[in-house]
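K.L.:
Residue numbers (our numbering): -10 to 109.
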């Protein structure tokens, strides 16, 4: 019997992942190439100039790591305050943007597709 040398786990070191510009700011994205993981994991630094956008297919789950004093989220026509330790599930079709600076973990299902970012 031949022994497999392929590892059964996957590791992402976000310090080694290059940031990519997005409507929110700068995202570092991991696990897009992991076939058995149906999503992607992002660490995103959100800037003051985050744009209102939505996705037709993607569901995003934001977990807030760090937030400025007056951090808020616009979700469709509602604006809610957010703080570190909170989480929000954003289904397809919900227009959203962050207001203020923050750092989040974003869990995206299915895998992130940059073609599914829609601006009004």
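Yeah, the Cβ is synthetic: ideal placement off N, Cα and C, and Gly gets one too.
All values derive from a computational prediction rather than experimental measurement.
Following the continuous beta strand (DSSP E) through residue 88, name the residue where it begins and the one where it ends.
P.N.:
Residue 88 -> beta strand (DSSP E) spans 85 to 88.
K.L.:
Could you pull the DSSP bridge partners for residue 33 from this structure?
P.N.:
Its beta-bridge partners are 16 and 93.
K.L.:
Would you call the CB atoms of residue 100 and residue 29 closer than 8 Å?
P.N.:
Result yes, Cβ atoms of residue 100 and residue 29 sit closer than 8 Å.
K.L.:
In terms of residue numbering, what span does the beta strand (DSSP E) encompassing residue 64 cover?
P.N.:
Segment 61 to 64, the beta strand (DSSP E) holding residue 64.
K.L.:
Less than 8 Å separating the beta-carbons of residue 89 and residue 61?
P.N.:
The answer is yes: Cβ separation under 8 Å.
K.L.:
Which residues in the same chain have their Cβ closer than 8 Å to the Cβ of residue 40, if we skip the five residues on either side of it in sequence?
P.N.:
These residues qualify, in order along the chain: 12, 13, 86 and 108.
K.L.:
Can you tell me whether DSSP reads residue 53 as helix, strand or coil?
P.N.:
In this structure, residue 53 counts as strand in the three-state DSSP scheme.
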